[in-house]
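K.L.:
Quick one: structure below, then a few questions.
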Amino acid sequence: MKALFVCDEIEDWDLLKNIFHAHFSSIELLCVSAAKEALDTLMFEGPFGLIILECSIKESDPTLLAEEIYETIGERPLIFVGTAAMIKDRVKQEFFDTYDMVTIYNKPYKPLELKNSINEAINWAKQLEYEQSVVELDSSEFLPLKLRNFYLYDQVPFDVYIELTKTKYLKAITAHKKYTQSIIQDFQKRNIKYLYLEKNEHLNFLENSIKKISQSLYQTDKSDRVRRLQTLVAAVLVSHQYIKDVGVSDSLKEFVDLIIINFGKVIEDHTSLQEILLNFPIEHGDLAEQAVLKGIICEFMVRSMGWRSDLTRSKTGLASILHDIFLEREEWSTITYKDHPHLDDLTELQRKNFIDHPFKAAETSRYFSNYADVDFIIEQHHEQPDGTGFPRGINSGKITKVSAIFIIANNLVIQVVINGITPSTIQNIMQSFKDLYLGGPFKEPFNHLIKELKRK
Ligand SMILES: [Fe+2]
2 MKALFVCDEI EDWDLLKNIF HAHFSSIELL CVSAAKEALD TLMFEGPFGL IILECSIKES
62 DPTLLAEEIY ETIGERPLIF VGTAAMIKDR VKQEFFDTYD MVTIYNKPYK PLELKNSINE
122 AINWAKQLEY EQSVVELDSS EFLPLKLRNF YLYDQVPFDV YIELTKTKYL KAITAHKKYT
182 QSIIQDFQKR NIKYLYLEKN EHLNFLENSI KKISQSLYQT DKSDRVRRLQ TLVAAVLVSH
242 QYIKDVGVSD SLKEFVDLII INFGKVIEDH TSLQEILLNF PIEHGDLAEQ AVLKGIICEF
302 MVRSMGWRSD LTRSKTGLAS ILHDIFLERE EWSTITYKDH PHLDDLTELQ RKNFIDHPFK
362 AAETSRYFSN YADVDFIIEQ HHEQPDGTGF PRGINSGKIT KVSAIFIIAN NLVIQVVING
422 ITPSTIQNIM QSFKDLYLGG PFKEPFNHLI KELKRK
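Under our numbering, the letters of the sequence shown match residues 2 to 457, in that order.
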């Protein structure tokens, strides 16, 4: 275990070092004198079981620093040390009352008392460490799963880890032990995007998730329409993970069929497209939420145009699920033309992979043999009628009507993710699309979309 002492009075370092040396020799004490150094050390040289914070520290506020530490690495034993006056002045009562693991040590230092105080914190840290044990393992034995997947459950039958370094993992969730949604939210606040599972458990997790979500989709009816939307977002998330990590299996194909059928059911649950858009449980604007919205919007256009919806829904539905699956970063999903300034910050390889992401996704769609011609819809999803799109930069003349439907849905969803979903943003976005989409193969689907969006 490691402990950190944050204090800008260097002479106090020796006193602490002596106590640790004499009584807690198995614990490595690191001393730093400034807040930034403390945060860097905690992030990159951790994990730390215990933090001791001198309240007289000059360049920062000790309570603010403690809050930042908890936000960065999570709650753990922390001792504020200082004179009674300094503690009264600089330790916020509210922070002290909120966290059980925060204690206070009043100076002047008395070695025996200080030793007892540290001992108590160490016992606490040991208990935590037992629950969240750090394991050193080869990273090739672990696979990442998006944090959001864990909202589906309140316990899992295997241990789940946070990656500390390429070889060190900290146990975050213990097998068969209940966890709360707020634990997952805490990870999110700490900017943890992935949790790690051992490889063989990873496939189990995905297969269990598919079973659980499928069951939920079969059981959902009109009275629970928001739940259907939330479950569809979870379903797309798991299908992406499965395709990327395992591939396209028969069970995955069945799952994707079920997702696509449910795009149609969403429409039957609601009275208008506007009602769906305004009530859509958009939280992250990520690829899964975008895919569900695109699938639903396409379905509306197809129905409005009087096409045989089950046949076309399959095509636009599969395109919605797959088209952005190989994007290296989710935030790049909102880049819509080939000269976009964000592309200048990418390396040449990243840029090439980004421009080609429609081809790679199109290739995957060919494994879904029940769905014809989805590959060219996916290939064209970033093309534009005026030729400013990519990867080929073709114009209206070479874009089919079914691709036009998907291109309009794709760009509408990208714009609502950027601008938010309100009646006025939708109206503004549609207005801005008029010059682009009121011609060629785009004209008919775009007019139908306008009509559908006017319906209350
Ligand atoms: Fe894309």
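C-beta: ideal position from N, C-alpha, C; glycine also. Computed from a predicted model, the values in this text were never measured in an experiment.
Taking Cβ to Cβ, would you say His382 is nearer than 7 Å to Asn412?
P.N.:
no
K.L.:
By the DSSP assignment, the alpha helix (DSSP H) with Val257 in it spans what residues?
P.N.:
Annotation: the continuous alpha helix (DSSP H) that includes Val257 extends over Asp251 to Asp270.
K.L.:
From Met302, His241, Asp251 and Asp246, pick the residue whose C-alpha is nearest to that of Ala289; which is it?
P.N.:
His241
K.L.:
When the distance is taken between beta carbons, is Ala363 closer than 7 Å to Asp374?
P.N.:
no
K.L.:
Is Asp357 near ligand 1, with its Cβ less than 6 Å from a heavy atom?
P.N.:
Asp357 Cβ: outside cutoff for every heavy atom of ligand 1.
K.L.:
To which residues of the same chain is Gly388 closer than 6 Å at the C-beta, ignoring the five residues directly before and after it?
P.N.:
Around Gly388: Gly394 and Asn396.
K.L.:
Is Asp325 near ligand 1, judged by its Cβ being under 6 Å from some heavy atom?
P.N.:
yes
K.L.:
Which same chain residues end up closer than 8 Å to Met302 when comparing Cβ atoms and leaving out the 5 residues on each side of it in sequence?
P.N.:
If we look at Met302 and ignore the five residues flanking it on each side, its Cβ neighbours are Ile406, Ile409, Ala410, Pro446, His449, Leu450 and Glu453.
K.L.:
In chain order, which continuous runs of the alpha helix (DSSP H) of length 4 or greater are located wholly inside the stretch 367 to 414?
P.N.:
375 to 380
K.L.:
What are the partner residues of Pro145, as DSSP defines its beta bridges?
P.N.:
Note: Pro145 sits in a beta bridge opposite Tyr197.
K.L.:
Is Leu148 closer than 7 Å to Lys200 when the C-beta atoms are compared?
P.N.:
no
K.L.:
Specify, as a first and last residue, the run of the beta strand (DSSP E) that Cys32 falls within.
P.N.:
Its beta strand (DSSP E) spans residues Glu29 to Val33.
K.L.:
Residue ranges of each alpha helix (DSSP H) run of no fewer than 4 residues wholly in the stretch 267 to 354, ordered along the chain?
P.N.:
274 to 280, 288 to 305 and 310 to 323
K.L.:
Restricting to Cα atoms, I'd like to know which of Leu344, Arg309, Asp357 and Glu349 is closest to Phe327.
P.N.:
Asp357
K.L.:
Give me the Cα-Cα distance between Leu233 and Val293, rounded to the nearest whole angstrom.
P.N.:
7 Å
K.L.:
With a 10 Å radius around its C-beta and 16 neighbouring C-beta atoms as the bar for buried, classify Ser366 as buried or exposed.
P.N.:
buried
K.L.:
Going along the chain, which residues of its own chain have a beta-carbon closer than 7 Å to the beta-carbon of Gln182, five neighbours each way excluded?
P.N.:
Annotation for Gln182: Tyr152 place their beta carbon closer than 7 Å to its own, counting only its chain and skipping 5 residues before and after.
K.L.:
At what residues does the beta strand (DSSP E) containing Ile184 begin and finish?
P.N.:
Per DSSP, Ile184 belongs to no beta strand (DSSP E); it is in the alpha helix (DSSP H), Gln182 to Lys190.
K.L.:
From Asp9 to Ile52, what distance separates their C-alpha atoms?
P.N.:
15 Å
K.L.:
Taking all protein chains shown into account, do 16 or more other C-beta atoms lie within 10 angstroms of the C-beta of Pro112, making it buried, or fewer, making it exposed?
P.N.:
exposed
K.L.:
Mapping the DSSP letters down to three states, classify Gly441 as helix, strand or coil.
P.N.:
helix
K.L.:
So, helix, strand or coil for Val136, using DSSP?
P.N.:
strand
K.L.:
List the endpoints of the continuous beta strand (DSSP E) containing Lys172.
P.N.:
Lys169 to Ile174
K.L.:
What separation, rounded to the nearest whole angstrom, lies between the Cα atoms of Tyr243 and Ile298?
P.N.:
25 Å
K.L.:
In this structure, how does DSSP classify Ile1 when only helix, strand and coil are distinguished?
P.N.:
Here the chain has residues from 2 to 457 only, and residue 1 is not among them.
K.L.:
Pull up the DSSP beta-bridge partners for Ala4, would you.
P.N.:
Leu30 and Leu51
K.L.:
Of the choices Ser404, Val403, Lys402 and Ser433, whose alpha-carbon is the least far from that of Val417?
P.N.:
Ser433
K.L.:
In angstroms with no decimal places, state the Cα-to-Cα distance between Ile378 and Ser404.
P.N.:
Approximately 5 Å between the Cα atoms of the pair.
K.L.:
Kindly list the residues whose CB is nearer than 6 Å to the CB of Thr221, restricted to its own chain and excluding five residues on each side of it in sequence; keep chain order.
P.N.:
Arg228 and Arg229
K.L.:
Measuring straight from C-alpha to C-alpha, what distance separates Glu55 and Lys172?
P.N.:
30 Å
K.L.:
Touching or not, the stretch 205 to 219 and the stretch 242 to 261, by the rule of three or more beta carbon pairs under 8 Å?
P.N.:
yes
K.L.:
Quick one: using the 10 Å Cβ neighbour count with 16 as the cut-off for buried, is Ala542 buried or exposed?
P.N.:
Nothing can be reported for residue 542, as the shown portion of the chain is limited to 2 through 457.
K.L.:
Tell me Val157's beta-bridge partners as DSSP assigns them.
P.N.:
DSSP output for Val157 lists no bridge partner at all.
K.L.:
With a 10 Å radius around its C-beta and 16 neighbouring C-beta atoms as the bar for buried, classify Ser305 as buried or exposed.
P.N.:
buried
K.L.:
Along the chain, where does the beta strand (DSSP E) that runs through Phe151 open and close?
P.N.:
That residue, Phe151, is in no beta strand (DSSP E); it is neither H nor E in DSSP.
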